[in-house]
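Step one of this worksheet: look at the structure below.
2 protein chains.
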Amino acid sequence: MDVAVIGGTGAEGFGLAMRLAAAGHHVTIGSRDAGRGAESAAEASALGGVTLRGTDNATAAAGAGTGGVVAVTVPFAGQAEIYRSIKDAVAPGAVILDATSPLATAVGGRPWQALRPWHGSAAEQAQAILGDGPRVVAGLHTIAAEALRALDREVDSDVLLCADDPEAKTRVGTLIDGIPGMRWVDCGRLEMARVAEPLTALLVSVNRTYKVKDSGFRIVGRDAWGRRP
Amino acid sequence: MDVAVIGGTGAEGFGLAMRLAAAGHHVTIGSRDAGRGAESAAEASALGGVTLRGTDNATAAAGAGTGGVVAVTVPFAGQAEIYRSIKDAVAPGAVILDATSPLATAVGGRPWQALRPWHGSAAEQAQAILGDGPRVVAGLHTIAAEALRALDREVDSDVLLCADDPEAKTRVGTLIDGIPGMRWVDCGRLEMARVAEPLTALLVSVNRTYKVKDSGFRIVGRDAWGRRP
């Protein structure tokens, strides 16, 4: 699958790009600066023993087309601007994976504090900026960058996905399931991101207390775990 | 330990009362009506093969004293009124376990939708009503009543606890750790309940999608799991 990772030079996006490239996908790292995108791609390729490409955000987003996934892994402070900058490049009907957590760090607060975006969640803000064509899926808020970067270990965590479009959610879920140890969970409509996004803050709090870096969630209690019925 | 379960006639409270009695604690079920509290206690005693007492909410709350725990497991719609009704009975310095999830059902909405309480969280509202003496611990939002009721099975779930007072949090955590399969996680200050409480809505959404009744969370990623450092 063609996957663009917008903000792929950051820790979370870089780890995701490496994991998806290792799973056999055609991954392009996007950056505000095409040169930095290319540098990050070269670094990820060397580290992972696979080939990634790198370019500017808009070119990367366009390259995913309608059949791929555009993953957006940027800080909340820059999220709206980034979406406006790729809006015209995103294919109609494209699938967007938004991983934004509205942490209070965006306004000088602490990473264990969360903001309430005007639209309800950062993912709903993304959908509002992109308009009706692209289909936004919210996810990855509870996956630590450190866990993604450690390619020699499985990622022991579930990925909570929220989206209005079932096909888009399943497409992103398929990507997730291809990463060793990860499993996607259908958490309902896009608006459920209002609950899922602040979980990053909760995990930051747990990490601080227990002096770890990669706490995460598993959903339990499902006797017969599998795909959605 | 002396434990009062306010709202112990409801599904969540009833299950918690049975689990704690089975673990050897002196449990009193509180209800608005002393007779109904006694009936519930008799039912729980028969089902669990242990002895629980039952009475009205204020008497139950007073009985926990300063060394016990007052667990409050009531719907959000009645939470403020319940706290006002037990306020004068709660011992100064008492430890309160508030399990309230501010679900939209309180105002005729859906159980996979959450409200934002004026104080930030339902637990902070409880603290505001009780004043500075009692120490509120928020927790149990992610534990299904069905899982608590099934005494023949371990509860496969972590309990996310949020509180400002470390001793109160540890006391409740000790109660939790005494229930087979359960484990408490220190999620930080009481205000983190703003993130933890709406998780009930997320689990309701997961339960609906997968047609299960008892999904829950485990925290993963801690190589050396244990008590707080």
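Each protein sequence line maps, in turn, to chains A and B. With the working numbering, the residue at position 182 of the first sequence is 170, and numbering never jumps. With the working numbering, the residue at position 226 of the second sequence is 214, and numbering never jumps. Built from N, CA and C at the ideal position, the CB exists for glycine as well.
Local Cβ density within 10 Å of residue i, reported as buried at 16 or more and exposed below that
{"i": "A/Lys199", "result": "exposed"}
{"i": "B/Thr43", "result": "buried"}
{"i": "B/Trp213", "result": "Here the model assigns B/Trp213 a pLDDT of 49, short of 50, so the residue's position is not dependable, and the following value carries that caveat. Exposed, by the Cβ-count rule."}
{"i": "A/Thr39", "result": "exposed"}
{"i": "B/Glu142", "result": "exposed"}
{"i": "B/Pro186", "result": "buried"}
{"i": "B/Ala32", "result": "buried"}
{"i": "A/Asp120", "result": "exposed"}
{"i": "A/Trp106", "result": "exposed"}
{"i": "A/Glu0", "result": "buried"}
{"i": "A/Leu35", "result": "exposed"}
{"i": "A/Pro80", "result": "exposed"}
{"i": "B/Asp76", "result": "exposed"}
{"i": "A/Val78", "result": "buried"}
{"i": "A/Val173", "result": "buried"}
{"i": "A/Thr162", "result": "exposed"}
{"i": "A/Gly204", "result": "buried"}
{"i": "A/Val58", "result": "buried"}
{"i": "B/Gly12", "result": "exposed"}
{"i": "A/Asp202", "result": "buried"}
{"i": "B/Asp146", "result": "buried"}
Closer than 8 Å at the beta carbon, the chain B residues around residue i
{"i": "A/Phe205", "result": "Phe205, Arg206, Ile207, Val208"}
{"i": "A/Ser89", "result": "Those within 8 Å of A/Ser89 in chain B number zero; the least Cβ separation is about 11 Å."}
Option nearest residue i by Cα separation, candidates the options
{"i": "A/Gly(-5)", "options": "A/Val147, A/Asp86, A/Arg159, A/Cys150", "result": "A/Asp86"}
{"i": "A/Leu191", "options": "B/Ala189, B/Val125, B/Val183", "result": "B/Val183"}
{"i": "B/Leu148", "options": "A/Val194, A/Ile70, A/Ala26", "result": "A/Val194"}
{"i": "A/Glu155", "options": "A/Asp146, A/Val(-7), A/Arg177, A/Ala22", "result": "A/Arg177"}
{"i": "A/Ala49", "options": "A/Arg104, A/Ala22, A/Arg98", "result": "A/Ala22"}
{"i": "A/Pro90", "options": "A/Leu128, A/Thr54, A/Ile74", "result": "A/Leu128"}
{"i": "A/Gly51", "options": "A/Val125, A/Ile74, A/Thr130, A/Arg206", "result": "A/Ile74"}
{"i": "A/Ala(-8)", "options": "A/Leu4, A/Thr197, A/Thr16", "result": "A/Thr16"}
One or two residues paired with residue i in a DSSP bridge
{"i": "B/Ala150", "result": "Correcting the residue identity first, residue 150 of chain B is Cys in this sequence and not Ala. Looking at the DSSP assignment, B/Cys150 forms a beta bridge with B/Ala126."}
{"i": "A/Asp174", "result": "A/Leu149"}
{"i": "A/Thr16", "result": "A/Ala(-8), A/Arg41"}
{"i": "B/Phe205", "result": "A/Ile207"}
{"i": "B/Ile84", "result": "B/Val58, B/Val124"}
{"i": "B/Leu4", "result": "Answer is none; B/Leu4 lacks a bridge partner."}
{"i": "A/Ala102", "result": "A/Leu91"}
Where residue i meets chain B, residues with beta-carbon distance less than 7 Å
{"i": "A/Val95", "result": "In chain order: nothing, as chain B lies at least about 16 Å away."}
{"i": "A/Ser109", "result": "In chain order: nothing, as chain B lies at least about 11 Å away."}
{"i": "A/Asp202", "result": "Gly209"}
Under 8 Å from the C-beta of residue i: neighbouring residues of chain A
{"i": "B/Trp100", "result": "Gly176, Met180"}
Where residue i meets chain B, residues with beta-carbon distance less than 9 Å
{"i": "A/Asp144", "result": "Val208, Gly209"}
- prompt: According to a CB-to-CB cut-off of less than 8 Å, which residues of the stretch 119 to 142 of chain B neighbour chain A?
  reply: Ala132, Ala135
task: Quick one: which residues of the stretch 174 to 200 of chain A get their C-beta closer than 7 Å to a C-beta of chain B? List them in chain order.
output: Asp174, Cys175, Gly176, Met180, Val183, Ala184, Pro186, Leu187, Ala189, Leu190, Ser193, Val194, Thr197, Tyr198, Lys199, Val200
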